[in-house]
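The listed protein sequences derive, respectively, from chains A and B. Letter by letter, the first sequence follows residues 1 to 271 in full-length UniProt numbering. Letter by letter, the second sequence follows residues 1 to 282 in full-length UniProt numbering. Each residue gets a CB set at the ideal place from its N, CA and C atoms; glycine is no exception. Remarks on the structure that follows.
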Amino acid sequence: MSMPFGYASPEQIMRDKADYARKGIARGRSVVVLQYVDGILFVAPNPSRALHKISEIYDRIGFAAVGRYNEFEELRLGGIRYADINGYTYDRSDVTGRGLANLYASNLGRIFTESIKSLEVEVVVAEVGETKDGDAIYRLTFDGSVFDEHGFAAMGGQAEAVAGRLKDRYRESMSLADALEVALAALTEPGGERPPVGQLEVAVLDRNREHRKFLRLTGARLERLLAQTTSTPPAATPPPAGETPAPDDAPTGPPPTGPEGDVDDGSSPPL
Amino acid sequence: MASHRDLPVGLANELFRNTGSSSFTEFVTSYAPDVLPRRDEVLATPIGDQVPHATTILAATFAGGVVMAGDRRATSGNIISQRDVEKVFRADDYSCMGIAGTASTGIEMARLYRVELEHYEKLEGRTMSVAGKANRLATMIRGNLGMAMQGLVVVPLFAAYDPDRDEGRIFSYDVAGGPYERERFDAIGSGSIFARGSLKKLYRDGASADDMVMTLIQALYDAADDDSATGGPDVTRKIWPIVSVIDADGFRRLSDEEVSGYVEQMLEARLISPDGPIAPLR
Numbered sequence: 001m002s003m004p005f006g007y008a009s010p011e012q013i014m015r016d017k018a019d020y021a022r023k024g025i026a027r028g029r030s031v032v033v034l035q036y037v038d039g040i041l042f043v044a045p046n047p048s049r050a051l052h053k054i055s056e057i058y059d060r061i062g063f064a065a066v067g068r069y070n071e072f073e074e075l076r077l078g079g080i081r082y083a084d085i086n087g088y089t090y091d092r093s094d095v096t097g098r099g100l101a102n103l104y105a106s107n108l109g110r111i112f113t114e115s116i117k118s119l120e121v122e123v124v125v126a127e128v129g130e131t132k133d134g135d136a137i138y139r140l141t142f143d144g145s146v147f148d149e150h151g152f153a154a155m156g157g158q159a160e161a162v163a164g165r166l167k168d169r170y171r172e173s174m175s176l177a178d179a180l181e182v183a184l185a186a187l188t189e190p191g192g193e194r195p196p197v198g199q200l201e202v203a204v205l206d207r208n209r210e211h212r213k214f215l216r217l218t219g220a221r222l223e224r225l226l227a228q229t230t231s232t233p234p235a236a237t238p239p240p241a242g243e244t245p246a247p248d249d250a251p252t253g254p255p256p257t258g259p260e261g262d263v264d265d266g267s268s269p270p271l
Numbered sequence: 001m002a003s004h005r006d007l008p009v010g011l012a013n014e015l016f017r018n019t020g021s022s023s024f025t026e027f028v029t030s031y032a033p034d035v036l037p038r039r040d041e042v043l044a045t046p047i048g049d050q051v052p053h054a055t056t057i058l059a060a061t062f063a064g065g066v067v068m069a070g071d072r073r074a075t076s077g078n079i080i081s082q083r084d085v086e087k088v089f090r091a092d093d094y095s096c097m098g099i100a101g102t103a104s105t106g107i108e109m110a111r112l113y114r115v116e117l118e119h120y121e122k123l124e125g126r127t128m129s130v131a132g133k134a135n136r137l138a139t140m141i142r143g144n145l146g147m148a149m150q151g152l153v154v155v156p157l158f159a160a161y162d163p164d165r166d167e168g169r170i171f172s173y174d175v176a177g178g179p180y181e182r183e184r185f186d187a188i189g190s191g192s193i194f195a196r197g198s199l200k201k202l203y204r205d206g207a208s209a210d211d212m213v214m215t216l217i218q219a220l221y222d223a224a225d226d227d228s229a230t231g232g233p234d235v236t237r238k239i240w241p242i243v244s245v246i247d248a249d250g251f252r253r254l255s256d257e258e259v260s261g262y263v264e265q266m267l268e269a270r271l272i273s274p275d276g277p278i279a280p281l282r
């Protein structure tokens with residue numbers, strides 16, 4: 001029996017989709033999420049100050065993502081709706097990171113199997129507990145797999161290399177400054193230059209905060225924290241204007257208006 | 001061909017439906033209307049007197065912020081239904097609301113309002129303007145008008161720190177909505193007439209937060225003195241008024257120890273002069 005024209009085996013289709021998604025995710029820069037003594041730290045090199053890769057979902061839950069901005073933004077908004085409606089229906093303490101991770105996983109999985117193009121995103125849902133044993137970091141990949149990470153997670157860009165450097169340096173119960181130092185070291189290629197302070201998106205879920213644990217670290221606060229890190233990063237002194245040293249993977253040309261990655265110019269496969 | 005507005009397959013999950021608005025209330029109304037309190041019921045008889053009522057709330061601005069205070073009494077007709085009810089709620093980091101009227105409806109409204117503000121903040125990545133917050137609350141009160149006509153009246157007082165002006169702002173409402181911005185101070189609830197009279201004499205422009213907390217404690221005592229539904233400080237049970245201060249550092253509810261300090265100071269002075277501080281005649 002002859003195969004119909006254009007036949008591709010299911011295995012081939014899945015493999016192609018996975019390759020496509022992996023390539024998309026690897027294009028951007030990495031994001032690092034790790035535990036420190038008072039909670040969970042998120043660090044992302046991000047030239048855009050308007051389009052966030054890290055954000056708050058609920059009182060104790062934070063979100064970080066890499067990949068295509070419009071896709072993970074949709075996930076973020078959906079997550080906030082899920083959390084707010086459940087917190088309002090029941091009680092604020094009834095919204096959990098696990099519930100949100102499951103919701104994301106089932107949706108990512110369904111899109112991966114049903115849609116021609118899977119989402120080119122990788123997501124971390126992190127939840128801070130009363131003590132460090134209550135902290136949870138869930139990493140979700142484009143196909144809906146959930147990884148319950150212990151202590152730290154890296155995704156996007158050269159994720160494996162970053163995760164390797166992170167694993168070497170990570171220690172339990174680090175101070176915030178130490179954790180930030182570890183994150184920046186992991187995000188920087190050996191011999192590479194660290195991203196300047198203006199291009200860092202940093203946030204924490206701090207268990208000692210009241211009400212909402214999520215806090216963005218920006219401006220003077222972040223600079224003070226960077227000054228506390230053990231080595232003096234070149235980032236503390238802004239490079240002279242005009243000759244900004246561009247990291248290897250930094251986009252050249254006009255300043256980016258969004259997280260890096262190709263702009264969707266309509267040439268991607270139609271949905 | 002699907003338009004660009006359509007979601008990818010799978011994201012058709014209702015939770016991901018984009019209502020095009022950052023309002024939590026609008027989202028819930030379209031997605032799960034039953035979760036919201038119903039506003040369209042018709043009661044066989046008005047039940048106003050049979051459910052607990054919250055009473056007096058005061059707010060006053062000081063240099064660089066605003067203070068809100070509320071007594072702890074809830075009444076059903078002539079019965080004191082609760083001695084330690086909380087009627088001043090944190091709405092977000094820079095605003096709070098106090099409720100007078102039907103306690104249950106007010107508490108529900110405060111809970112929804114908090115989610116409403118946070119939802120907007122998280123979706124939009126910015127804090128709603130103070131005027132925007134005041135308007136959203138007005139819409140909620142307006143939605144309760146039908147119930148208010150049947151006795152379930154709830155009227156809030158809203159106070160916020162406005163970072164653009166570096167000052168506190170106060171908004172009041174009526175059963176049909178509002179908002180009405182108030183200069184300097186305002187009070188709502190059954191004891192508000194007496195509290196306002198007291199505040200009128202005691203309010204000082206440019207006072208410190210500390211002085212303004214004391215002013216509100218005095219005014220609340222004056223209200224409790226003359227209004228049966230307003231509770232004074234309960235010294236034996238150690239139930240103190242709720243006092244919240246909002247300034248550039250954000251919302252802060254004073255601890256019981258802090259409030260008891262102010263109350264004891266006030267009571268001591270009133271042992272000598274029972275009517276409280278005397279405003280100068282000229």
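Taking the DSSP output, what are the residues bridged to B/E86?
Residue pairing by DSSP leaves B/E86 without any beta bridge partner.
Quick one: Cα of A/L205 to Cα of B/L117, how far?
Just so you know, the alpha carbons of A/L205 and B/L117 end up roughly 20 Å apart.
Quick check on the burial criterion: 16 or more other C-beta atoms within 10 angstroms. Buried or exposed for A/N208?
Exposed, because fewer than 16 other Cβ atoms sit within 10 Å of the Cβ of A/N208.
Could you name the residues of the region 128 to 150 of chain B whose beta carbon sits closer than 7 Å to any beta carbon of chain A, in the order they occur along the chain?
Taking 7 Å as the Cβ-Cβ cut-off against chain A, none of the residues of the region 128 to 150 of chain B qualify.
Cβ of B/Y120 within 8 Å of any chain A Cβ:
Under the 8 Å criterion on CB atoms, B/Y120 is classed as non-interfacial with respect to chain A.
Return the Cβ separation of A/V37 and A/M155 in integer angstroms, given the expectation that the two are a contact with Cβ distance under 8 Å.
A/V37 to A/M155, Cβ: 23 Å. No contact.
Can you confirm whether the region 123 to 130 of chain A touches the region 96 to 107 of chain A when touching is taken to mean that 3 or more C-beta pairs between the two stretches lie within less than 8 Å?
Inter-segment contact for the region 96 to 107 of chain A and the region 123 to 130 of chain A is present: three or more beta-carbon pairs are separated by less than 8 Å.
For a cutoff of 8 Å on Cβ pairs, would you count A/P233 as touching chain B?
Per-residue confidence for A/P233 stands at a pLDDT of 45, beneath the threshold of 50, marking its modelled position as unreliable; no derived number is given.
Please report the distance separating the alpha-carbon of A/G261 from that of A/R49.
Low confidence applies to A/G261: its pLDDT is 45, below 50, so where it sits in the model is not reliable, and the reading given next is rough at best. If you take the alpha carbons of A/G261 and A/R49, they lie about 16 Å apart.
Output yes if chain B places a C-beta closer than 8 Å to the C-beta of A/I13; else output no.
Closer than 8 Å: no.
So that I know if they touch, is there some Cβ in chain A lying closer than 8 Å to that of B/F24?
So, interface residue.
Between the Cα of B/I193 and those of B/D34, B/L58, B/D247, spot the shortest distance and give me the residue it belongs to.
Here the closest residue by C-alpha is B/L58.
Taking a cut of 8 Å between CB atoms, which residues from the region 79 to 101 of chain A lie near chain B?
Cβ contacts with chain B: I80, R81, Y82, D84, I85, G87, Y88, T89.
Measuring alpha carbon to alpha carbon, tell me which residue in B/R282, B/E124, B/T230 is nearest B/E86.
When the alpha-carbon of B/E86 is set against those of B/R282, B/E124, B/T230, the nearest one is in B/T230.
Tell whether a beta-carbon distance below 8 Å holds between B/A248 and B/A219.
Against a cut-off of 8 Å, the Cβ pair of B/A219 and B/A248 comes out as no contact.
Closest by CA to A/E181, which one among A/N46, A/P190, A/Y170?
The option with the nearest alpha carbon to A/E181 is A/Y170.
On the DSSP bridge list, what partners appear for A/F214?
The partner list for A/F214 (beta bridge, DSSP) reads A/L205.
Between the region 126 to 142 of chain B and the region 65 to 75 of chain B, do at least 3 Cβ pairs fall closer than 8 Å?
Flag = no, the region 126 to 142 of chain B and the region 65 to 75 of chain B do not touch.
What's the gap between the Cα of A/G144 and the Cα of B/G177?
Between the alpha carbons of A/G144 and B/G177 lies a gap of roughly 46 Å.
Cβ-based burial, B/V35 [other Cβ within 10 Å; buried from 16]:
Here B/V35 is exposed. Its C-beta has fewer than 16 other C-beta atoms within 10 Å.
According to DSSP, which residues form a beta bridge with B/S129?
B/S129 pairs with nothing; no bridge assigned.
Chain-ordered residues of the region 181 to 211 of chain A with a beta carbon less than 8 Å from chain B:
Residues of the region 181 to 211 of chain A with a C-beta less than 8 Å from any C-beta of chain B: H211, listed in chain order.
I'd like to confirm the pairing. Which residues does DSSP put opposite A/Q35 in its beta bridges?
Under DSSP, A/Q35 takes part in a beta bridge, and its partners are A/I40.
Using beta carbons (cut-off 8 Å, strictly below), is B/V66 in contact with chain A?
False, the Cβ-Cβ gap to chain A never drops below 8 Å.
Please classify B/G177: does DSSP put it in a helix, a strand, or coil?
Looking at B/G177 - three-state DSSP - the assignment turns out to be strand.
Quick one: residues in its chain with C-beta nearer than 7 Å to the C-beta of A/I13, no 5 flanking neighbours on either side, listed in chain order?
Answer for A/I13: no residue qualifies.
CB contact check: B/F27 to chain A, cutoff 8 Å:
Output row for B/F27: interface = yes.
Taking the C-alpha atoms as reference points, what is the distance between A/D168 and A/P45?
Approximately 20 Å, taken between the alpha carbons.
With 8 Å set as the bound, which would you pick, yes or no: does the beta-carbon of residue 283 of chain B sit closer than that to a beta-carbon of chain A?
In the structure displayed, chain B extends from 1 to 282; residue 283 of chain B sits before or after that span and is not available.
Contact set for B/Y180: own chain, Cβ-Cβ below 6 Å, skip 5 residues either direction
Cβ neighbours of B/Y180 beyond the five flanking positions: S172.
Is there at least one Cβ from chain A nearer than 8 Å to B/A159's Cβ?
It does not; no Cβ of chain A falls within 8 Å.
Which bits of chain A does B/V243 rub up against, with CB to CB less than 8 Å?
Under the 8 Å cutoff, chain A gives no residues; its nearest Cβ is about 17 Å from B/V243.
8 Å Cβ cutoff, B/V88 in contact with chain A
No, B/V88 lies away from the interface with chain A (no Cβ there is under 8 Å from its Cβ).
Which stretch, first to last residue, makes up the beta strand (DSSP E) that contains B/S95?
Start and end: 95 to 102.
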